[in-house]
Structure formats: structure tokens, C-alpha cells
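Residue numbers (this note's numbering), protein chains in the order written: chain A, 67 to 394; chain B, 67 to 394.
Working notes for the structure below.
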DNA sequence: TTGTACGCGTTATCAA
DNA sequence: TTGATAACGCGTACAA
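Next up, the structure:
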């Protein structure tokens, strides 16, 4: 114990926890001892004795690794600043016992808070379990706001609207759309944004130009091939994420289409692949790291019962080489 | 407590920990109660009372997100099977107080074991700290074996040798090589493998064809541009990982080079990008997920003091569309 | 095969 | 402002 090295007994606790009621003199003495012995309060003892576990749970079931990885960077950064740790779990959103899995998880570890990523954030079973365990959570990019629940998101509707409007502004009239995974709220919002932009420009929504994808590269490939096999193919394709857009790029190679001369391709997320494929993707940047940081901050501040908060961050249209005016 | 619901008191502990000395009858009774009350032993109480924390730490400082992400999938899978949890921390390998950071981390959390990824696995400060805290650890793809330390790896030397030999077999004689980050042991092993294959084929090692990269896309881009600007440019380029190989693909676009007709490109890892770029990359598959699983298994088995183990997994040459015989 | 007492390192409560 | 003491929920050692 540092108390021996210092002067007092478990006033150490007060110092470590930055409580008041400590004289500057003893505080200093304790801090020195802490440094000298490189003392660190044991996480388990803390967790056991108090409510505070200093553990943030990141729960995900996401086909896109890059999305989850980017999220983690933000979570880790904030955790480090605040002396928290991140524990990550992958769950199957479709599992019938998702609820009990989540419940086990949080009661087992008495997590300080949980970050729910899509599509988990829209699973009633998960949310119920969290509420039951009285564990604070914040949802990332959920389908719709929920009473008594915090979330952080971008305006997916507007983002997709902006992208579509940009393509229309380029002169495109036949714009294909590859939808995202139907379980993800953001996917639907993006499709609605696309529709709204078409409508606003007086362009018809053409059924055969809207095909279902699932955010995965493979699904993007299939969707892309279907769109490019059309008798009247689109002059531009807007995919709901970058992985699928990259797949469209690959598919267009098979059809011997020059990008962007014969086909414009746009993605969403501005993930790593967007900058790695050739031509680089025009896309919509989602500030994933910042979203993660905001989520952690909300969880930590939540010590006081402030009620649910919502935080909406800005997206950004990133124009690169995969889009251009149609040639015809 | 489930004991009330069941019959006995803390025989629950025995059942939960799968100890012997429990009659089938009581075991069943307890299990039912456990299910009924959805009881979960508290991680903190366990960690405090025993040595076992059921927490595996994954420590990384890796420029490549995809590598870390792939690793996590494997770790998570094994953890789930064994009832462990994964806590991940990102560290700065260059930080002067890396040692104390690692030390804090493990003493704070009494981690059951730690997985050290490159380049952390070759940092004496980190290893010392772990030894000091008497925390078991296994190193992924370290530079060289260490006394008293477990590791899991592939044979990077042979893998690079195989790839180089494949390119030579195709007829290439001027094969550029983009090195990986010098802090990563695997990077050096790969370069040596490349050299050995050249030597074995009686081909000279041409200085200007070997350029330094750092595993990042950007560094691959710069290295690629340098190689392609050469008066006598190589007919093939072998990059130490896929991110850099993808960058070479992009760079070759600027030079108006057709892949693979005018330039063959090979990568390493078989990461997501390898299949997403066009043409898809010929690469060397590293079973990252399996390596991670093996690492966790070693950590968990290590309950008994078996001494250090080494595990070497197989690599696999994956030939795709980015390589072909030279045209000249 | 099962139960009892004790302690793990910290925080919380209440006195001093 | 500080210090004693009792939890926190479990595992371990030993007794029954």
C-alpha cells in the first residue's frame, strides 16, 4: 500500500478518485507515493466495492470490419483519457437469445456503460436487456430515436440526399441505388434520402434501378452486376456504403466500363477502401471516430442522471475521381 | 444467490467452475437455478478472490486496422467459447514509458494473459513489464523467439521465398521489393526470404529495386512511384503487405501501366483489400484468425506451468489476377 | 460430497 | 480533513 509510503491510510482512495475533502499537503504526499510505487488501484476491487467499473463495453455485429475498427479507435482514445478500459464483444443480432447474452454480459461485468452499434442498436431484445440491468447505453446510428435512450448519429437522410443531388447536378438522370442491410436503420434513411432528392428534382423513381444489398462486398458485387446487366443501364450508381461501391467498381471492369466516363460510382462512409480502390471513390464522410468519442463522453458524463441525450454530427461530401458528368 | 433456489450454498462455485467433487444431482439442481435466475458470476468478485480474471488483453500499435481487426475476430471467438472476455488497448510502441504503461495495465486489471502484436511483441520494455508483473503473454509474429516466452507465427521467410520463387518462375528477373516497417520482425524476415529466393535462382539483388516502406498505404504509394520512376523499371513488384500492394496498383495507374500485362504486383496477408482492388491481388495468405485463436488457447491452457510454447501455422500462396509472365 | 470461515483490495459510512 | 470498519461477491482451505 501507498499509505505506508505516504502518511495516511486509505485517504489514498480519496486522492485517486479526485474527491474533495483532502488537504493539498496530503494530496501531494499521496501522489508522490503513488508515483514512487507506481501504484494502480485494482480494477476488480474497485468494481466490487463500488458501482463504478471503469469498463466500457463495445457491442457489435457488423459485417464491415473497417467500421468497427474505426469506432474502436475513437472509443479507445476517450477511454485512455478518462482512465477507462474498453471491452469488446461480438454478438449475433439474429440469435434468439440475444437478450440473455447481453444481459449476462453486463451483469457479469457490471459495465459502466455500453455502446451499441448497428444493427444491435435497433434490436429490442438488446435494449430491453440493458434496461433491465439498468446499464446506461448509447446507440450509434440507430433507426429512430427511442424514449429514454441516448444516441449519436449523422443525418443519413440528408447525407444521401446531398449525394444524390450532387449526381443529379452532374447531369445524371438514371441513378442506380444499392440499398444497405435492411436491419440497419441508417440504410433505410439513406434510401429515403435518395428518393427525396429524386422527387425534389422531378425525376422518377425507377424500380429496377433500386436493388437490395447488405453492406457486404459480395452483395455489392451481385447488385452491381444486376444493375449493369440492365438493358437500359444507369449512368451512375450510388451504393449505400464503400464496400459495395468498391464491388461495383470491380463489376464494371467485367462489363468493360470506364469509370467515371461511362459510369459514375459513389459510396458512403469514406472508409479505407474508398481511398484504396482506383479510381478513388466519391463518397460521404461519416465522422466515425468522433461519433465514438462522443458516445464514450456521454456514457461517462452520465454519472449524473441527466436523462437521454442525442448528438448529431456533420457529414461531408467527398468528391473524388469515381464520379463525372454522363457522356451521352 | 442461486443457492436459495437450488438446495446448497456455494457449491454453486464448484459447479460454475466445473470442478469435480459434485454429485450429478446437485449439479443439475444448481444448473437449473442458474438458468432460472439467469445467474452470472460477477467478474470482479472472481478476479478479486482468485488469480483468474477471465480477461485477455489484446495490446496493439498497428498502422493496419485490418490486421488488428482480423486478430480480434479470432480472439473473440475463442474467448466466447471459454467464457473469457477481451479487453483491448492501443499503445504507442515508441513511447519512452511504454514499459510503465504496460505495467499499469496488467496490474490494474490482473489480466489472465496478454496478446502482444507486432511491433509491440519485440519491444523489450513491454516484455520486461509483463515479466515483472508475472503476467503470461504470447507474442504474435515476433522478430525472433525469446527464452521463456510463447509465440505464434508463420514462417515469414519461407512465405516470402515462395512468393518470390513464384514470380521468378513466371519469368520475372527484375523484381522490385517494398519492405515493411523496420520495427516489425516479420518485415525483415520477408525481405530475407526475398533475397534468399533471388540468390537461389542465381539472380542478382539490385539495390535500387529494394525500397523502404512502412506497411501503410501512403508509404506503399511513395515506394511504388519511386520504383516505377526508375529508368529500368521492374517487371514485377512484391510488397510486404496488401495495403502497400494496393497502393502500387494505384500508382501504376498514374504511369499508365496495365496490370498484370506490363507489371505484376504481389502483396502479403490476403486482407480485405486484396480482394477488393482491381485486379485482385496475388498474395500470401496469413491465417491471422487462426493465429489469434491459437494465442488465446495457449494463454488459457497455461494455467499449468508448461513453459513456453511455439506454434507455427501454415501460409498459403494465393494467385489472382495481379500477376502474370512479363511481356517483353 | 458438501458446507464454513476467511480474505482478496477497494469504496462507503460513519465517527473522530 | 481524516481514520476505522463493514461490506462488495466470490474462491480457497479446511472441516464436517
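The beta carbon of each residue, even a glycine, is placed where N, CA and C say it ideally should be.
Keep in mind it's a predicted model, so treat the numbers as computed, not measured.
Against residue i, what residues of chain B qualify as contacts under a CB-to-CB distance less than 9 Å, listed in chain order?
{"i": "residue 108/A", "result": "113, 114, 173, 174, 175, 176"}
{"i": "residue 247/A", "result": "What residue 247/A touches in chain B: nothing, since even the nearest Cβ is about 17 Å away."}
{"i": "residue 347/A", "result": "By Cβ distance, chain B contributes nothing, its closest Cβ being about 11 Å from residue 347/A, past 9 Å."}
Do residue i and residue j have their CB atoms nearer than 9 Å?
{"i": "residue 153/A", "j": "residue 153/B", "result": "yes"}
{"i": "residue 382/B", "j": "residue 345/B", "result": "no"}
{"i": "residue 411/A", "j": "residue 150/A", "result": "A question about residue 411/A goes unanswered here, because the residues of chain A that appear run from 67 up to 394."}
{"i": "residue 244/B", "j": "residue 305/B", "result": "yes"}
{"i": "residue 142/A", "j": "residue 155/A", "result": "no"}
{"i": "residue 174/B", "j": "residue 109/A", "result": "yes"}
{"i": "residue 332/B", "j": "residue 233/B", "result": "yes"}
{"i": "residue 365/B", "j": "residue 203/B", "result": "yes"}
{"i": "residue 238/A", "j": "residue 317/A", "result": "no"}
{"i": "residue 342/A", "j": "residue 126/B", "result": "no"}
{"i": "residue 139/B", "j": "residue 358/B", "result": "yes"}
{"i": "residue 183/A", "j": "residue 137/A", "result": "yes"}
{"i": "residue 130/B", "j": "residue 281/B", "result": "yes"}
{"i": "residue 196/B", "j": "residue 111/A", "result": "no"}
{"i": "residue 298/A", "j": "residue 240/A", "result": "yes"}
{"i": "residue 229/B", "j": "residue 259/B", "result": "yes"}
Since residue i meets chain B, which of its residues come closer than 7 Å, beta carbon to beta carbon?
{"i": "residue 319/A", "result": "344"}
{"i": "residue 169/A", "result": "104"}
How would you list, in chain order, the residues of chain A whose beta-carbon sits under 8 Å from the beta-carbon of residue i?
{"i": "residue 385/B", "result": "Simply none; closest approach about 18 Å."}
{"i": "residue 134/B", "result": "135"}
{"i": "residue 119/B", "result": "110"}
{"i": "residue 166/B", "result": "104"}
Interface residues of chain A around residue i at Cβ under 9 Å?
{"i": "residue 283/B", "result": "338, 341, 342"}
{"i": "residue 86/B", "result": "Neighbours of residue 86/B on chain A: none; closest Cβ ~24 Å, over 9 Å."}
Going along the chain, which residues of its own chain have a beta-carbon closer than 7 Å to the beta-carbon of residue i, five neighbours each way excluded?
{"i": "residue 211/A", "result": "217, 376"}
{"i": "residue 77/A", "result": "88, 92, 96"}
{"i": "residue 369/B", "result": "Confidence at residue 369/B is low in this model, with a pLDDT of 49, below 50, so the placement of that residue should be treated as unreliable; the coordinate-derived value is given next. So no residue of the chain qualifies."}
{"i": "residue 393/B", "result": "327, 328"}
{"i": "residue 145/A", "result": "122, 151, 152, 362"}
{"i": "residue 321/A", "result": "294"}
Ignore the nearest five residues each way along the sequence and tell me which others in residue i's own chain have a CB closer than 6 Å to its CB.
{"i": "residue 338/A", "result": "132"}
{"i": "residue 256/A", "result": "222, 226, 306"}
{"i": "residue 348/A", "result": "332, 385, 386, 388, 389"}
{"i": "residue 208/B", "result": "187, 188, 217, 251"}
{"i": "residue 351/A", "result": "336, 382, 384"}
{"i": "residue 276/A", "result": "243"}
{"i": "residue 168/B", "result": "192, 195"}
{"i": "residue 264/A", "result": "271"}
{"i": "residue 185/B", "result": "159, 249, 250"}
List the residues of chain B whose Cβ lies closer than 8 Å to the Cβ of residue i, in chain order.
{"i": "residue 413/A", "result": "The structure shown does not extend to residue 413/A, since chain A is modelled only from 67 through 394, so no value can be given for it."}
{"i": "residue 138/A", "result": "154"}
Which two residues bound the contiguous alpha helix (DSSP H) that contains residue i?
{"i": "residue 349/B", "result": "Premise fails: residue 349/B lies in the beta strand (DSSP E), 349-351, not in any alpha helix (DSSP H)."}
{"i": "residue 272/B", "result": "That residue, residue 272/B, is in no alpha helix (DSSP H); it is neither H nor E in DSSP."}
{"i": "residue 332/A", "result": "Where residue 332/A is concerned, there is no enclosing alpha helix (DSSP H), although the beta strand (DSSP E) it sits in stretches over 330-332."}
{"i": "residue 292/A", "result": "283-294"}
{"i": "residue 477/B", "result": "Missing from the structure shown is residue 477/B; chain B here goes from 67 to 394 and no further."}
{"i": "residue 339/B", "result": "338-342"}
{"i": "residue 165/A", "result": "164-175"}
{"i": "residue 137/A", "result": "131-148"}
{"i": "residue 314/A", "result": "308-320"}
Looking at the secondary structure, which residues open and close the beta strand (DSSP E) in which residue i lies?
{"i": "residue 152/B", "result": "151-156"}
{"i": "residue 126/A", "result": "121-126"}
{"i": "residue 384/B", "result": "382-384"}
{"i": "residue 203/B", "result": "203-206"}
{"i": "residue 305/A", "result": "302-305"}
{"i": "residue 387/A", "result": "Segment: none, residue 387/A is in no beta strand (DSSP E) and carries neither H nor E."}
{"i": "residue 217/A", "result": "216-220"}
Counting only the same chain and skipping the five closest in sequence on each side, list residues whose C-beta sits under 8 Å from that of residue i.
{"i": "residue 120/A", "result": "109, 112, 113, 149, 150, 151, 178"}
{"i": "residue 162/A", "result": "none"}
Notebook entry, point to check: Along the stretch 313-341 of chain A, what residues have a CB closer than 8 Å to any CB found in chain B?
Noted result: 313, 315, 316, 319, 338, 339, 341
query = For the stretch 286-298 of chain A, which residues have a CB atom closer than 8 Å to at least one CB atom of chain B, in sequence order?
reply = none
When Cβ atoms are compared, which residues of the stretch 173-203 of chain A fall closer than 8 Å to chain B?
173, 174, 175, 176
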